[in-house]
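Q:
Numbering (the UniProt record's numbering), first residue to last: 1 to 388.
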């Protein structure tokens with residue numbers, strides 16, 4: 001979806017402000033850091049919690065739409081165990097998070113995966129974590145081999161053009177590759193074996209993205225593809241729905257498509273490096289800095305969508321009522337891109353998404369209905385005031 005298409009798809013804003021005015025923009029997070037990192041707690045009321053560092057430097061947990069509320073609770077992370085009856089999984093995850101000084105989607109995902117594979121969150125969560133680790137390891141290793149092969153084809157000269165990727169798994173093939181790349185290193189004024197070392201570092205750095213080749217895709221590339229499929233699936237699902245659910249489905253489709261548009265722009269930038277291997281290897285320090293920046297941005301753009309994609313994938317095939325509930329939940333808690341990521345043309349669209357989310361939250365009352373009693377609400381209010 002192009003930005004102009006996105007603007008054209010946008011409906012009217014259900015708020016007093018218009019795009020570009022402070023009162024309207026105030027419903028959007030200003031930055032990825034202030035939006036926080038999606039934290040996969042299993043306790044029902046915390047499923048869409050995010051952790052962030054507040055303006056005072058204190059670690060906070062953000063709880064959107066709690067018990068059907070219109071707003072978002074922010075409370076000190078250390079008070080979480082005092083307010084909520086956490087599952088064993090969540091206590092273990094909490095103990096890890098409380099020690100962190102910096103929160104990024106990649107770091108939180110790493111800790112969440114480590115807790116999941118222990119099995120304390122159940123067999124399904126453990127199996128998903130173990131399978132995910134195995135698949136990512138296989139993609140990382142194949143990607144490393146493929147990157148080396150691409151470098152060999154681009155830089156190794158005529159002597160190695162007959163080689164196949166599988167040849168690099170043999171001792172003879174590795175010796176030929178090393179000699180060819182060392183010749184390029186000498187011609188570029190680089191040290192012997194520096195190309196091999198740089199390619200190894202490159203493959204580790206880019207592993208979350210991987211390559212656009214079957215079997216070499218990293219988790220972020222797969223997530224972007226999953227986001228595109230989510231939009232297509234929900235669009236097809238909504239065709240036979242009544243108007244109110246089509247309205248919600250349209251917000252899911254547009255939010256997923258717009259987020260995917262941002263993600264794909266960054267992915268294309270990253271993939272361009274693979275077509276300029278010689279340039280990268282001659283100035284690896286500069287390229288590494290750019291790659292780190294782009295990959296970090298991609299983590300933030302896609303943060304929070306994997307759980308929603310998984311939720312949609314888990315939908316029962318013939319239970320239309322449950323499918324509608326899932327669409328409601330995705331529409332209500334789809335991650336909203338922050339102002340720092342947007343151009344002015346996009347403000348109105350995302351304000352519309354967020355305002356409707358706030359209105360739907362008051363009706364859904366899904367996360368904590370029957371679980372948030374008056375005493376807990378009082379404690380939440382007290383802790384929120386303390387964090388202000």
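The beta-carbon is built from N, C-alpha and C at its ideal position, and this holds for glycine as well. The structure presented is a predicted model; accordingly, all values stated were derived computationally and were not measured.
Residues bridged to residue 52 by DSSP?
A: DSSP, once it has assigned bridges, lists 60 as partnering residue 52.
Q: So which of 146, 298, 236 and 112 has the shortest CA-CA distance to residue 274?
A: The shortest Cα separation from residue 274 among 146, 298, 236 and 112 belongs to 146.
Q: Have a look at residue 132 and residue 215 and give me their C-alpha separation to the nearest angstrom.
A: Rounded to the nearest angstrom, the two C-alpha atoms are 13 Å apart.
Q: Just mark residue 204 as buried or exposed, buried being the case when its beta carbon has 16 or more other beta carbons within 10 Å.
A: With fewer than 16 other Cβ atoms within 10 Å, it is exposed.
Q: Can you tell me where the alpha helix (DSSP H) with residue 290 in it begins and where it stops?
A: Segment 284-302, the alpha helix (DSSP H) holding residue 290.
Q: Could you tell me the distance, in whole angstroms, from the CA atom of residue 271 to the CA atom of residue 48?
A: Roughly 32 Å between the two C-alpha positions.
Q: Residue 264 lies in the alpha helix (DSSP H); which residues open and close that run?
A: Segment 243-272, the alpha helix (DSSP H) holding residue 264.
Q: Please list, in chain order, all residues of the same chain as residue 278 whose beta carbon is under 8 Å from its beta carbon, the five residues on each side excluded.
A: So the qualifying residues of the chain are 154, 155, 184 and 188.
Q: Could you check how far apart the C-beta atoms of residue 196 and residue 178 are, in whole angstroms? I think they sit under 8 Å.
A: Contact holds; Cβ gap of about 6 Å.
Q: Looking at the secondary structure, which residues open and close the beta strand (DSSP E) in which residue 75 lies?
A: Where residue 75 is concerned, the enclosing beta strand (DSSP E) stretches over 72-76.
Q: Between which two residues does the alpha helix (DSSP H) containing residue 151 stretch?
A: Taken as a continuous stretch (DSSP letters only), the alpha helix (DSSP H) holding residue 151 covers 123-155.
Q: Grab me the residues of residue 311's own chain with a C-beta within less than 8 Å of its C-beta, minus the 5 sequence neighbours each way, in chain order.
A: The answer, listed in chain order, is 326, 329 and 330.
Q: Taking Cβ to Cβ, would you say residue 322 is nearer than 9 Å to residue 315?
A: Yes; because the gap between Cβ atoms is below 9 Å, this pair is in contact.
Q: Give me the Cβ distance between residue 151 and residue 199, rounded to the nearest whole Å; I'm assuming they're in contact under 8 Å.
A: At roughly 6 Å, the Cβ-Cβ gap stays under 8 Å, so residue 151 and residue 199 are in contact.
Q: Taking contact to mean 3 or more Cβ pairs, one atom from each stretch, closer than 8 Å, check whether the stretch 136-145 and the stretch 257-268 are in contact.
A: In short, these stretches do not touch, since the Cβ pair count stays below three.
Q: Between residue 29 and residue 35, is the Cβ-Cβ spacing less than 9 Å?
A: Taking 9 Å as the Cβ cut-off, residue 29 and residue 35 qualify as a contacting pair.
Q: According to DSSP, what are the bridge partners of residue 433?
A: Outside the displayed span of the chain (1 to 388) sits residue 433, for which this structure offers no information.
Q: Which value, in whole angstroms, describes the spacing of the CA atoms of residue 233 and residue 86?
A: Each residue's alpha carbon lies about 34 Å from the other.
Q: Taking all protein chains shown into account, decide if residue 115 is buried (16 or more other Cβ within 10 angstroms of its Cβ) or exposed.
A: Buried, by the Cβ-count rule.
Q: On a Cα-Cα basis, can you pick out the residue from 171, 149 and 157 that is closest to residue 164?
A: Residue 164 has its Cα closest to that of 149, out of 171, 149 and 157.
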